[in-house]
Each structure stands twice: as C-alpha cells, then as structure tokens.
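For reference, the structure discussed in these notes is given below.
There are 2 protein chains.
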Amino acid sequence: MTEAHIQDAINRLKDTGVRITPQRHAILEYLIVSMTHPTADEIYKSLEHKFPNMSVATVYNNLRVFKKTGLVKELTYGDSSSRFDFVSSEHYHMICNSCGKIVDFHYPGLDEVESLAEQVTGFQVDGHRMEVYGTCPECQKQNKQLKS
Amino acid sequence: MTEAHIQDAINRLKDTGVRITPQRHAILEYLIVSMTHPTADEIYKSLEHKFPNMSVATVYNNLRVFKKTGLVKELTYGDSSSRFDFVSSEHYHMICNSCGKIVDFHYPGLDEVESLAEQVTGFQVDGHRMEVYGTCPECQKQNKQLKS
DNA sequence: AATATAATTATAACAATTTTAATTTAATAA
DNA sequence: TTATTAAATTAAAATTGTTATAATTATATT
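Heads up: the sequence lines are chains A and B, in that order.
Per this note's numbering, the first sequence runs over residues 1 to 148.
Per this note's numbering, the second sequence runs over residues 149 to 296.
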C-alpha cells in the first residue's frame, strides 16, 4: 500500500520535472511510511544516521518543493514548529490541546462553506483549512485521575 | 459602536482583575478601531509615536493577557508572524493567497463537524478553526491585467 | 506615605527557518 | 566518454518572531 503511494508520489515529482535525489526519496518515504505529521527537525533527526552529512536546509528545501507540487501540506501549529502532512486523501485534523497529538478524520466536505464565502466576499476560492481542537482520550483519562 | 466595544472590553478586563494601563488601552483600542488583523509588530509600530519608549515585549505580553481573557484570538498564518483578532462575534476568515489580506465572513456554524469529529476520534471537542483561501477581487483584477 | 504587587522596559537569548556562497552531483549534448 | 550546464546539497551565518530576565517604574492597598 504505502509502497504504491511512494511510487505514485515519485512519478508525480518526475512528471513535474523534479529530480529524485536520495535525500528526496528518503524524506518522502519517511513522510509516507511513518504515518505521522513530523516536524522538519524530526525528519532531519530520523534520517541523519542514513545521511550523516545532510543539512537541515535540505529538509526544508525539499519540503518546500513537495509543497509546491501539492504532495505535502504544511500545518502551522501555534507557536512551535510546522508539521508536514503527506496528502493521500482529503481529511481534516483533530488536535489535542494538552498533548499536541494530531489525528486524521474524514468529513464529507465543506464545499457549501466555500461557495458561500465566495459569494459574500467576492474572492475566488482555492480551498480551505480546518482543524478541530479538543482533548484526546488518553489525556481525558489522565485529567480524571488527577482530579480524583 | 467601536466606543462601546472598547468600553465592554475594558470592563471585562477589569472584572478579571487586569489593570488598565495606558499601553493596554492603546493596544486594545488599536485592535478594535483599526478593524484589521494586525501583527504584534504592526501594533508596536503604530503606537510607538504615542509611547516612544514602549517595548515590543509589552505588546506581546499584553496580547497574551488579552488572549487569556478571551478578548483576542491569535491567528497563526503560515510562515510569517501571527496576527491578532479582536473577537466581537463568531466569524471565519477568508485569506488572499497573493496579497495576504484577511476578510471576515459569517457562517451559520460547523457544530455538525464538531460532533462528528467527536464520535469518530473519541476526543472531547473544545472548538475548531477554519480558514478559506483564495484570491481577493483586487488581485483577480491585477492577474487579468498581467495576462492580457 | 509606605509597602506590596504588578507592569513596563531594555536587553539578551532562543528556536525555527531562510539566505548565502561554495561545492557536489546529476543530466544533457557533443 | 567527456565537457558543459543546471540543479541540489552543504555548512555556516543571518534573519525573524517571540520569550525570558532583571532592573525600573507605576499602581493599588494599608
């Protein structure tokens, strides 16, 4: 499954005329197989044993390249560092206010909102972003324990 | 109108035991009367003639105070600096991809999404955030001119 | 007026990200 | 293959937004 995703992604890059360097392959692979929403630094740290002299700049550079082709989305999350999400299919994010965990969830779509916004503002709409915030099951348990 | 808003806000602060210093008053007033979504630095720059020796830290400090009382929301916008929004009533933001302009718009509410997310993820939901991205009327015109 | 508390200032520190310039690598054409 | 060109990577410095610290000043309370 993930193998196919990786191939897809690489083909899409090739089609856009982007060279597939070992570093790019590794960053992309990490984004896909890890199934997480890593920060640039997390990616860097988990690949530095494989590429001992890769620089952080490379990670940032390539994440930007991936963003331009639409393979990856940047999630800007409050004060701290951005997280990067491989876009396999449309989904939204549920974020835990107390531990920061990000969980994907699907929702039929907010096309209605887009068209209303278009009418009201006169903008030409490209897309939207939504996140739901709350407390994850684990943190809920912990909070209860603390109170009792 | 805005006068009333300012008074409301100040009363709310007083009730929470927050002192109304000249700097706080000015920052709050700027947020309300300017009707924009300024960055901390924009606020700082537009007040430094009035308070020649105010520091940026004061702006950040007080924005944080306002955030805690719920008077102000922080909008973390991509790479660059946060913008701050005085919360008069529930609304969403429409953001221009080419010039960065932010326009408010109202939408009945996304409670549905929240309750679905709650069921699917098991999180206890606090709230959500949504932004719609697109091109503002002005930038649409400019783009057309460039093409012709 | 004296004391305690909180807010402001100025500066330094910090972390995340970007820029720069030099070097290396890969792709293309002769 | 070799030479040429373009693109990607590296390392380091620079920038940016924000926060922490300590000293000073203002405000409120007794």
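No residue lacks a Cβ here, since even glycine has one placed at the ideal position from N, Cα and C.
From a predicted model like this one, the values you see are computed outputs, not experimental measurements.
Using a beta-carbon distance below 9 angstroms, is residue i in contact with chain B?
| i | result |
| --- | --- |
| residue 137 of chain A | yes |
| residue 59 of chain A | no |
| residue 36 of chain A | no |
| residue 39 of chain A | no |
| residue 97 of chain A | yes |
Is it right to say residue i is buried, meaning 16 or more other beta carbons lie within 10 angstroms of its own, or is it exposed?
| i | result |
| --- | --- |
| residue 175 of chain B | buried |
| residue 231 of chain B | buried |
| residue 206 of chain B | buried |
| residue 21 of chain A | exposed |
| residue 9 of chain A | buried |
Between residue i and chain A, is any beta-carbon pair separated by less than 9 angstroms?
| i | result |
| --- | --- |
| residue 150 of chain B | no |
| residue 274 of chain B | yes |
| residue 262 of chain B | yes |
| residue 177 of chain B | no |
| residue 268 of chain B | yes |
| residue 238 of chain B | no |
| residue 217 of chain B | no |
| residue 288 of chain B | yes |
| residue 192 of chain B | no |
I believe residue i touches residue j by the beta-carbon criterion, under 8 angstroms. Please report the beta-carbon distance rounded to the nearest angstrom.
| i | j | result |
| --- | --- | --- |
| residue 187 of chain B | residue 244 of chain B | Wrong, their Cβ atoms sit about 16 angstroms apart, outside the cutoff. |
| residue 128 of chain A | residue 114 of chain A | 6 angstroms |
| residue 13 of chain A | residue 69 of chain A | 6 angstroms |
| residue 62 of chain A | residue 24 of chain A | 5 angstroms |
| residue 280 of chain B | residue 125 of chain A | 6 angstroms |
| residue 37 of chain A | residue 75 of chain A | 6 angstroms |
Using DSSP's beta-bridge definition, name the partner residues of residue i.
| i | result |
| --- | --- |
| residue 75 of chain A | A/83 |
| residue 127 of chain A | B/281 |
| residue 96 of chain A | A/134 |
| residue 105 of chain A | A/92 |
If you scan the region 158-209 of chain B from start to end, which runs of the alpha helix (DSSP H) of 4 or more residues do you find wholly inside it? 170-181, 188-195
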